[in-house]
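A short worksheet on the structure shown next.
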Amino acid sequence: MWCPIGSWERRMELRLEGKTALVTGASMGIGRYIAAGLAREGVAVAVAARRIDLLESLRQQIKAEGAIEPVIIEADLTDAEMPKHLAKAMLDKMKHVDILINAAGGSRPVKYDAPAQEWESAMMLNFFRLRELTTALIPNMIHQRWGRIINLTGTSEPRGSNATFPAKAAVHVWAKGLSREIGQYGITVNSIQPGSIISEQLMRLYPTEDDRRRFCREVPVGRFGEPAELGDLAIFLASPLASYITGAVIPVDGGRYRFAF
Ligand SMILES: NC(=O)c1ccc[n+]([C@@H]2O[C@H](COP(=O)([O-])OP(=O)(O)OC[C@H]3O[C@@H](n4cnc5c(N)ncnc54)[C@H](OP(=O)(O)O)[C@@H]3O)[C@@H](O)[C@H]2O)c1
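Here my numbering is used: the first residue of the sequence shown is 112, the next is one more, and so on.
What follows is the structure, given as structure tokens:
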């Protein structure tokens, strides 16, 4: 199975040592890279997803590098009780939470008249559960007067119908409001819009070489991105160095987004 976490070379002192983080969607792709990257920076990480075997292989990879072994939490975020359960498990195991990476999610291409259930389930996973989990962890961040919330969202430039797009847009607007409410406690809230970062879902959406070549014609840099090319931004945003960046929506898409504003 394809699940690289890249190689490590320290380029900037991020002052992350001693922090704790919860990373959802850590079994694959971008979330997996970020979880490993934070661990390499001295963060105690809890990793959550449904596929425990992949989280276990991540734990082994991180352990082999001599970084702090992550705590594994099995979590299906379609379950209504999961946000509360996950927040409690995080706080029971780590005692506090400094960083929340909301990476769990996925694309749901649909026709405009797809059944309501398809639109609702995309909204549930990509917005409602993300909001509920974040809400459950904010009191702890307020208590310690420090926190970082980073959401992996998606394009605001749809080329067709996709049940996930409105959910990602909802995250942008919700996160902006939230950032204004809790900035006074030293908590920042930012969203990163991945464009075409190599991942399981991208391979599923563009299964053949031809599909991928066609897609890459729309990307100014002419290729897919690596998880590291986005993940390192998330790790920077999670650090004390990024204390004045909040309420932002930042695309990492090889220039595919066309508008200046
Ligand atoms: N790659 C891109 O260019 C791109 C573009 C637009 C948006 N995004 C967004 O960026 C985030 C990361 O994407 P990726 O490309 O790295 O995706 P990916 O490789 O497909 O990984 C998705 C992650 O989400 C987890 N997940 C999915 N459904 C879940 C559920 N019901 N409960 C708990 N975890 C669940 C998966 O874990 P399990 O299956 O093990 O549960 C996996 O770890 C997603 O939110 C995605 O929508 C990515």
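By construction, the Cβ of each residue, glycine as well, lies at the ideal position given by its N, Cα and C atoms. No experiment lies behind these values; they were computed from the predicted model shown.
When every heavy atom of ligand 1 is checked, does at least one fall within less than 6 Å of the C-beta of residue i?
{"i": "threonine 245", "result": "no"}
{"i": "glutamine 228", "result": "no"}
{"i": "serine 87", "result": "Lying before the first or after the last residue shown, residue 87 is absent from the chain, which here runs from 112 to 372."}
{"i": "methionine 234", "result": "no"}
{"i": "leucine 263", "result": "yes"}
{"i": "alanine 132", "result": "no"}
{"i": "leucine 241", "result": "no"}
{"i": "proline 305", "result": "yes"}
Can you tell me which residues form a DSSP beta bridge with residue i?
{"i": "proline 220", "result": "Asn273"}
{"i": "glutamate 185", "result": "Ala160"}
{"i": "valine 134", "result": "Val158, Ile212"}
{"i": "proline 362", "result": "Gln304"}
Do residue i and residue j have their CB atoms nearer than 7 Å?
{"i": "alanine 198", "j": "alanine 247", "result": "yes"}
{"i": "serine 290", "j": "asparagine 262", "result": "no"}
{"i": "proline 194", "j": "glutamate 231", "result": "no"}
{"i": "arginine 219", "j": "alanine 233", "result": "yes"}
{"i": "isoleucine 260", "j": "valine 300", "result": "yes"}
{"i": "alanine 157", "j": "leucine 127", "result": "no"}
{"i": "valine 284", "j": "phenylalanine 238", "result": "no"}
Go through its chain and collect everything with a Cβ distance to residue i's Cβ below 8 Å, but skip five positions before and after it.
{"i": "lysine 174", "result": "Glu180"}
{"i": "arginine 369", "result": "Glu268"}
{"i": "phenylalanine 347", "result": "Met123, Leu125, Ala353"}
Among the residues of its own chain, which have a CB less than 7 Å from the CB of residue i, if the five just before and after it don't count?
{"i": "tyrosine 144", "result": "Ile116, Gly117, Pro338, Ala339, Gly342"}
{"i": "glutamate 311", "result": "Met139, Gly140"}
{"i": "lysine 130", "result": "Val154, Asp209, Ile210"}
{"i": "alanine 146", "result": "Val134, Ala137, Val156, Val158, Leu169, Pro181"}
Return the chain-ordered list of same chain residues with a C-beta closer than 6 Å to the C-beta of residue i, the five sequence neighbours on each side being excluded.
{"i": "glutamate 185", "result": "Ile163"}
{"i": "phenylalanine 335", "result": "Ser307, Ile309"}
{"i": "isoleucine 253", "result": "Tyr296"}
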